[in-house]
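Okay, so here's the structure we're looking at.
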Amino acid sequence: MSFGNYHNVAGAGWSVYWRIPKFNGSGLEIWWADFQGRRVMWRGSAPFAIVPYHHPNTNGEPPGPHFSYKDGIDTQCGGAPFRALKHAAPNSGAPWQSNAFDAATDTDAVVVTVTPGDDFEPARLTITAKFQCGWYQYVHSWEFDSYGAIHPRVAMGGMLNPNCPTKSHFHNFYFRLDLDIDGQFPHDVCEVFKHGSLNDPGGDKWDAVPNQTKLLADPDSSRKWRVRNTISKNRAGEFKAYEIELPQLGGRTPFSTGDVWVTIYRGDGIQQGEGVGVADCSDKELETSYAVGPLHPATTGDDIVLWVVIRAHHEPRYNGEEANFLPYHYEEFSIVPRSFAELRQSGRPG
Amino acid sequence: MKSEMSDSTKALLKVIVPLRRGEELVAIKTAQNHLVKELSDRYRVLGAELRIDKPSDPKKSPLRMVGVVIVDYSKRRNYEVLVAASGKIVRVVDLSGAQPAYTSEEIKEARKISEQDKRVARFAKMKGSFASEFGPERAADNARRIGLRYAQAEKGRVSRVLAHAIVDLSAGKIVEFSEVEAQPDTRR
């Protein structure tokens with residue numbers, strides 16, 4: 000089996016590498032994403048998911064006492080790794096029962112498409128692969144558009160939990176984002192946006208995050224986050240940045256306790272999701288082990304790494320549309336440039 | 000056509016070329032030799048992959064490394080040995096409690112151990128039964144444990160998971176077995 004190499008693709012103004020490190024592991028990764036010839040991201044991945052169920056009557060799946068799976072890297076609590084499938088593998092329970100649909104090489108798993116812009120949409124470069132995870136299938140998909148935005152997406156498919164098909168549960172997907180704005184690391188700061196009022200000026204503000212920490216979504220304050228460089232500016236003299244826009248379809252639970260965690264780069268071999276879930280099948284290690292230590296927003300800046308979770312509460316349609324298989328349900332968030340890109344007419348770089 | 004690749008990425012091109020088989024074998028041998036005094040006679044090389052860490056300075060090119068993951072079953076320790084393209088050891092990372100992804104060889108071995116147990120064999124021999132792996136709770140002594148789910152498919156559709164077995168590859172035996180008692184599941 001051939002996994003672990005870096006593959007370059009280009010389109011929609013982007014040059015991007017993709018990689019699946021292992022056949023059975025943590026899924027699709029993006030490396031060295033450049034837009035208009037400038038570095039945006041060193042690495043992006045979605046290495047684990049935490050899936051707590053309504054309980055206690057789960058018929059052993061997931062097992063008590065926590066009734067919550069940790070899937071992907073360093074699986075815990077009955078969770079399963081992400082096993083790379085051929086991209087044409089059926090969306091059903093069949094790939095769980097058989098190895099016939101396993102990807103023999105990483106290129107069997109990944110589909111890359113470049114979609115031209117049209118009268119309504121920007122051009123898009125999309126990299127997608129599907130992974131078996133127990134009876135579930137997860138689709139990892141990264142879309143890069145010609146407006147300079149990145150849309151990480153994940154879909155849930157496969158089949159319902161055979162032991163408790165009626166039980167509602169949350170899917171919490173954790174993304175690790177190592178943005179390197181214009182390649183000028185380690186000189187980034189993380190900031191939180193707050194809309195306080197409609198007063199102008201002063202109704203909106205950005206505040207620097209002073210320490211590595213957990214942050215919460217708050218639609219009432221139009222909350223978003225950004226990684227802003229402290230050196231590189233655009234032609235207007237504004238610092239270049241990328242913002243995180245995170246719509247949440249599900250709320251926080253004792254197993255998924257935050258929305259964004261601000262950490263720093265400690266290497267590409269550690270703090271990739273390992274160790275999370277060990278204590279009680281929750282994400283608390285992100286707060287207690289990963290997002291620990293100072294930041295330096297007022298002086299040098301830091302090499303910021305963000306963890307971002309997107310979640311969905313799944314109320315199974317077990318007597319209806321999901322009785323035989325799970326139609327792919329996508330959740331996504333966006334990473335949007337601010338003062339980074341120079342867009343030409345129609346948003347099509349050329 | 001104008002390239003959208005940044006100069007930073009262009010500087011990586013020689014570093015990130017695909018791993019060659021010969022390079023992989025040299026890295027594995029180097030890692031084994033380096034750990035020879037520490038490893039027991041029950042270890043397994045899980046694999047080797049390219050490892051590119053960000054350099055400390057953006058103007059510098061990163062080092063091309065091969066990460067060799069080794070599990071020592073007897074000593075209950077997991078390592079990643081980083082070997083440079085030159086063949087020199089860069090560093091040895093003790094993975095502490097983190098368990099690297101199971102390989103197909105390990106899963107086969109776990110099933111062999113598991114299905115020698117009569118309780119498991121009963122399920123493994125059922126018509127339409129199949130097994131898949133899961134990650135059990137972490138062992139306090141860092142033993143390498145693999146969970147196995149035994150499920151049954153009838154007429155191509157999975158009916159349910161029937162039993163769980165947890166195999167300790169360090170000890171070479173089943174450490175937990177449970178049969179799933181079916182309860183009706185028609186309401187939330």
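Protein chains in written order, with numbering that gives the first Met the number 0: chain S, 0 to 349; chain G, 0 to 187. Virtual Cβ for every residue (Gly too), placed ideally from N, Cα, C.
query	result
Mark residue 320/S as exposed unless 16 or more other C-beta atoms lie within 10 angstroms of its C-beta, in which case mark it buried.	exposed
In whole angstroms, what separates the C-alpha of residue 327/S from that of residue 40/G?	46 Å
Closer than 8 Å, Cβ to Cβ, to anything on chain S: give me those residues from the region 40 to 60 of chain G, in chain order.	46, 48, 49, 50, 51, 52, 53 and 57
Could you work out which residue in 171/S, 72/S, 19/S and 148/S is closest to residue 32/S when comparing CA atoms only?	148/S
Contact defined as beta carbons within less than 8 Å: I believe residue 76/S pairs with residue 274/S. What is the distance between those atoms, to the nearest angstrom?	Not really, about 13 Å apart at Cβ, beyond 8 Å.
Between 123/S, 240/S and 44/S, which has its C-alpha nearest residue 12/S's C-alpha?	123/S
Look at residue 262/S and residue 133/G and say whether their C-beta atoms are less than 8 Å apart.	no
Could you list the residues in the region 95 to 112 of chain G with a C-beta less than 9 Å from some C-beta on chain S, going in chain order?	95, 96, 97, 98, 99, 100, 101, 102, 103 and 106
Going by beta-carbon coordinates alone, are residue 160/G and residue 156/S separated by less than 8 Å?	no
Name, please, each residue of chain S whose Cβ falls closer than 9 Å to the Cβ of residue 4/G.	7, 9, 14, 31, 33 and 36
Could you check what DSSP says for residue 227/G in three-state terms: helix, strand or coil?	The structure shown does not extend to residue 227/G, since chain G spans only 0 to 187, so no value can be given for it.
Could you round the C-beta distance between residue 185/S and residue 301/S to whole angstroms and report it? I think they count as a contact, below 8 Å.	5 Å
May I ask you to report which of helix, strand or coil DSSP gives residue 208/S?	coil
How about residue 121/S and residue 144/S: do their beta carbons lie closer than 8 Å?	yes
Please say whether residue 179/S and residue 306/S have beta carbons closer to each other than 8 Å?	no
I'd like to know if the region 84 to 102 of chain S and the region 188 to 207 of chain S are in contact, where contact means that at least 3 CB-CB pairs between them fall below 8 Å.	no
Go ahead and pull the three-state DSSP assignment for residue 285/S.	helix
Note down, in chain order, all residues in the region 146 to 164 of chain G with a beta-carbon under 8 Å from any beta-carbon belonging to chain S.	146, 148, 150, 152, 155, 156, 157, 158, 159, 160 and 163
So is residue 30/G buried or exposed if we call it buried at 16+ other beta carbons inside 10 Å?	buried
Any idea what DSSP makes of residue 104/G, helix, strand or coil?	helix
Kindly say whether residue 76/G, judged by its beta-carbon, lies nearer than 8 Å to any beta-carbon of chain S.	no
Given a threshold of 16 other Cβ atoms within 10 Å of its Cβ, counted over all protein chains shown, does residue 86/G qualify as buried or as exposed?	exposed
For chain B, find out if any of its Cβ atoms is closer than 8 Å to the Cβ of residue 155/S; answer yes or no.	Here chain B cannot be found, since the structure's protein chains are S and G.
Measure from the alpha carbon of residue 234/S to the alpha carbon of each residue in 244/S, 342/S and 139/S, then state which is nearest.	342/S
Helix, strand or coil: which one does DSSP assign to residue 113/G?	helix
Got a sec: is the Cβ-Cβ distance from residue 193/G to anything in chain S below 8 Å?	Residue coverage of chain G in this structure runs from 0 to 187, which leaves residue 193/G outside it and unanswerable.
Identify whether residue 221/S lies in helix, strand or coil by the three-state DSSP scheme.	coil
Would you tell me roughly how many angstroms separate the C-alpha atoms of residue 127/S and residue 28/S, rounded to the nearest one?	10 Å
Can you find a C-beta in chain S that's less than 8 Å from the C-beta of residue 119/G?	no
Just verifying my parser: in three-state terms, what is the DSSP assignment at residue 86/G?	coil
Counting only the same chain and skipping the five closest in sequence on each side, list residues whose C-beta sits under 6 Å from that of residue 167/G.	142, 144 and 174
Look at the Cβ atom of residue 335/S, then the Cβ atom of residue 244/S, and state whether they are nearer than 8 Å.	yes
Return yes when at least one heavy atom of the ligand MG lies under 7 Å from the C-beta of residue 21/S, else no.	The ligand MG is not among the ligands present in this structure, which contains no ligands whatsoever.
Could you give the residue range of the beta strand (DSSP E) that holds residue 49/G?	42 to 51
Would residue 19/S pass as a contact of residue 46/S if the rule is Cβ separation under 8 Å?	no
Could you tell me which chain S residues have their CB closer than 9 Å to the CB of residue 91/G, listed as they occur along the chain?	Per Cβ cutoff of 9 Å: no residues; residue 91/G is ~11 Å from chain S at best.
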